[in-house]
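Participant: Starting off with a structure, shown below.
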Amino acid sequence: MKKMSAFYPLVLGADNPLLRTNCSPVTKFDTELEEFCDTLLALMYEYNWVGLAAPQIGETIRVIAVTKREYPSNKKKRRIVGEYIMINPEIIKHTQNTLLGEEACLSLPGIFGDVKRYSSVTVKYQDSKGKEHIEKLTGYNAIVAQHEIDHINGILFIDKAIGPLRDE
Ligand code: NI
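Okay, here's the thing in structure tokens:
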């Protein structure tokens, strides 16, 4: 069987217009959307990555996938225990505390930089059935969610990086 990535090639490059689009809200919660969410998740795991946003696979809609880690602030014990599919996600609350951490992005291969993120965010989003959820994320889970929400606003981590970017 062909891998999913053969059908949805990764969108690459800091200047790619698909990655610089303020993505459209999802208004239709149908089977097509459910299939798209399944595809986004399957690709995130195929790439062995921690999050993925719809524009990275060519759809400029407000859908993101974020892995869920147990012990999200303990590097040694960080373990994937599930994932979130967030449709029309919005940060409705955040701490003032920030964390500075190294980030990378599937769409910008080989580039690393340090980004300051809120250490905890409360995200309001819909699931693929349109049901609303409110979730508080902390540590690594919060960082990934902020990175992916930036994607659907056309923002890349290199825009926010503090200090010089690094090559692999
Ligand atoms: Ni990214």
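Residue numbers (my numbering): -8 to 159.
Note that the Cβ used here is the ideal one computed from N, Cα and C, for glycine as well.
Being a predicted model, the structure only gives us computed values, none of them experimental.
Roughly how far, in whole angstroms, is the beta-carbon of A152 from the beta-carbon of D105, given that I think they are within contact range, below 8 Å?
Facilitator: The Cβ separation is near 6 Å, so the contact holds.
Participant: Of the residues Y(-1), S15 and K107, which one's Cα is nearest the Cα of G145?
Facilitator: The shortest C-alpha separation from G145 is found at S15.
Participant: Which parts of the region -7 to 65 are runs of the alpha helix (DSSP H), unbroken and 4 residues or longer, counting only runs that do not cross its ends?
Facilitator: Listed in chain order, the complete alpha helix (DSSP H) runs (minimum 4 residues) inside the region -7 to 65 are -5 to -2 and 22 to 37.
Participant: Report yes if the C-beta of A98 is less than 7 Å from at least one heavy atom of ligand 1; otherwise report no.
Facilitator: Looking at the sequence itself, residue 98 is Ser, so the reference to Ala does not match. Yes, ligand 1 has a heavy atom inside 7 Å of this Cβ.
Participant: In the DSSP assignment, the beta strand (DSSP E) including K107 goes from what residue to what residue?
Facilitator: Run containing K107: I102 to Y109, per the beta strand (DSSP E) assignment.
Participant: Return the bridge partner residues of K151 from the DSSP annotation.
Facilitator: Its beta-bridge partners do not exist; DSSP assigns none.
Participant: Could you tell me the distance, in whole angstroms, from the CA atom of I55 to the CA atom of A33?
Facilitator: One C-alpha to the other measures close to 12 Å.
Participant: Identify, in the order they occur along the chain, each residue of the same chain with its Cβ nearer than 8 Å to the Cβ of C28, setting aside the five sequence neighbours on each side.
Facilitator: The residues are V54, A56, I76, I78 and S119.
Participant: Just to confirm before moving on: does the CB-CB distance between V114 and E81 stay below 8 Å?
Facilitator: Yes, the pair counts as a contact, with Cβ atoms nearer than the cut-off.
Participant: Does DSSP classify G130 as helix, strand or coil?
Facilitator: Reduced to three states, the DSSP call for G130 is helix.
Participant: If the criterion is Cβ atoms closer than 8 Å, does the pair G42 and Y(-1) meet it?
Facilitator: Against a cut-off of 8 Å, the Cβ pair of Y(-1) and G42 comes out as no contact.
Participant: Alpha carbon to alpha carbon, how far is T58 from N39? Give it in angstroms, no decimals.
Facilitator: For N39 and T58, the distance between alpha carbons rounds to 10 Å.
Participant: Just tell me which of P155, H142 and G121 has its CA closest to the CA of K19.
Facilitator: K19 has its Cα closest to that of G121, out of P155, H142 and G121.
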